[in-house]
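S.K.:
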């Protein structure tokens, strides 16, 4: 960052315009406020500069800045392109703003960029995430070409709204599936309390060649193992998580911890809890304390509760 500031100072002294280089490098760090400062001194920013900054805010927030930049872009006579709308739709999804999304959709149609699969996928994803599934499905059905992210966005939207039948129908119709497709179904079943379906889906996924569970898959299927008492599968998942490096993920660790605690394996719960060590969060402590208390080890649970209080005060 210091090196960037030195280059910036040099350009000011020598009158050389390195704005594009400096903004790109600042966003790579990312130092978005500094990139925005550089952007503000450009006399007539092109759509490239606007898009780079809108993309950065869309990815990292605050997301309302995307809309401010879009408004400024239009006021200054700089035309948005398909990339602009791709980032704006993502920002609307993060803001959970269906009204704003629909306004942008109208402007998107008027600009004639509906041919761009990335922008349309972002539009479908936005509608799915803000709960406007009918609009997401209508846009999806209108698409002549759909890629995997488009299918995955709509499946995840159906699952999020609890419509697992709709999600399963889409999943069955997919020409090809990746880990995100499988995980969306497993997560949807698990979050909607259909643990048997979640576990069945995971076991089917394991049989597929070229598709391997990731940390999100594991964190989604472990609650199913917990609620079904499927310890054998859960232990196998723990082994896989360790082998693949997913044991570093706290969602996976806590899901394994809860599985052992709720299935009465206090010894295994303690082993995992101790191994997590300084990475423990409130969920880890609560799960361990609950596991001890529920299975008759009340003194140990109280002792651990006091340890947690001491750690939290440090």
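Residue numbers (full-length UniProt numbering): 1 to 314.
We put the beta carbon where it would ideally sit given N, CA and C, even for glycine.
The model shown is predicted, which means the values in this text are computed figures rather than measured ones.
(1) CB residue 66 to CB residue 45, shorter than 9 Å?
(2) When the Cα atoms are used, what is the spatial distance from residue 135 to residue 124?
(3) Hey, out of 113, 92, 51, whose CA is closest to residue 84's CA?
(4) Could you give the distance in angstroms between the alpha-carbon of residue 300 and the alpha-carbon of residue 285?
(5) Which term fits residue 253, buried or exposed, when burial requires 16 or more other beta carbons within 10 angstroms of its beta carbon?
(6) Less than 9 Å between the C-beta atoms of residue 152 and residue 181, yes or no?
(7) Just curious, the alpha helix (DSSP H) that residue 74 is in, first and last residue?
(8) Taking the alpha helix (DSSP H) that residue 56 falls in, what are its first and last residues?
(9) Excluding sequence positions up to five away, which residues of its chain have a Cβ less than 8 Å from the Cβ of residue 130?
(10) Residues in the same chain with beta-carbon distance under 6 Å from residue 122, minus the five sequence neighbours each way, listed in chain order, please.
(11) Hey, how far is the Cα of residue 81 from the Cα of residue 120?
(12) Rounded to whole angstroms, what is the Cα-Cα separation between residue 184 and residue 241?
(13) Going by DSSP, what residue range makes up the alpha helix (DSSP H) through residue 30?
M.R.: In brief:
(1) Along the chain shown, read from residue 1 onward, the residue named residue 66 stands at position 66. Along the chain shown, read from residue 1 onward, the residue named residue 45 stands at position 45. 9 Å or more divides the Cβ of residue 66 from the Cβ of residue 45.
(2) For the purposes of this step, residue 135 is identified with residue 135 of the chain shown, where counting begins at 1. For the purposes of this step, residue 124 is identified with residue 124 of the chain shown, where counting begins at 1. Residue 135 and residue 124: Cα-Cα distance of roughly 8 Å.
(3) Counted from its first residue, the chain shown places residue 84 at position 84. For residue 84, the closest alpha carbon among the candidates 113, 92, 51 is that of 51.
(4) Position 300 of the chain shown, counting from 1, holds the residue named residue 300. Position 285 of the chain shown, counting from 1, holds the residue named residue 285. Approximately 13 Å between the Cα atoms of the pair.
(5) For the purposes of this step, residue 253 is identified with residue 253 of the chain shown, where counting begins at 1. So residue 253 counts as buried.
(6) Counting from one through the chain shown, the residue named residue 152 turns up at place 152. Counting from one through the chain shown, the residue named residue 181 turns up at place 181. In contact: residue 152 and residue 181 (Cβ atoms closer than 9 Å).
(7) By 1-based counting over the chain shown, the position of residue 74 is 74. For residue 74, the uninterrupted alpha helix (DSSP H) run begins and ends at 64-75, by DSSP.
(8) Within the chain shown, the letter at position 56 stands for residue 56. 47-60 is the extent of the alpha helix (DSSP H) around residue 56.
(9) Here residue 130 corresponds to residue number 130 of the chain shown, with the count starting at 1. Its chain contains 92, 93, 96, 97, 98, 101 as the residues whose beta carbon lies nearer than 8 Å to that of residue 130, once the 5 sequence neighbours on both sides are disregarded; these appear in chain order.
(10) Position 122 of the chain shown, counted from the start, is the residue given in the question as residue 122. If we look at residue 122 and ignore the five residues flanking it on each side, its Cβ neighbours are 86, 89, 90.
(11) Taking the chain shown and counting its residues from 1, the one referred to as residue 81 is at position 81. Taking the chain shown and counting its residues from 1, the one referred to as residue 120 is at position 120. Rounded to the nearest angstrom, the two C-alpha atoms are 13 Å apart.
(12) As a working note, residue 184 is residue 184 in the chain shown. As a working note, residue 241 is residue 241 in the chain shown. Distance between residue 184 and residue 241, taken at the CA atoms: about 19 Å.
(13) Here residue 30 refers to the residue found at position 30 of the chain shown. Neither: residue 30 is in no alpha helix (DSSP H) and is coded neither H nor E.
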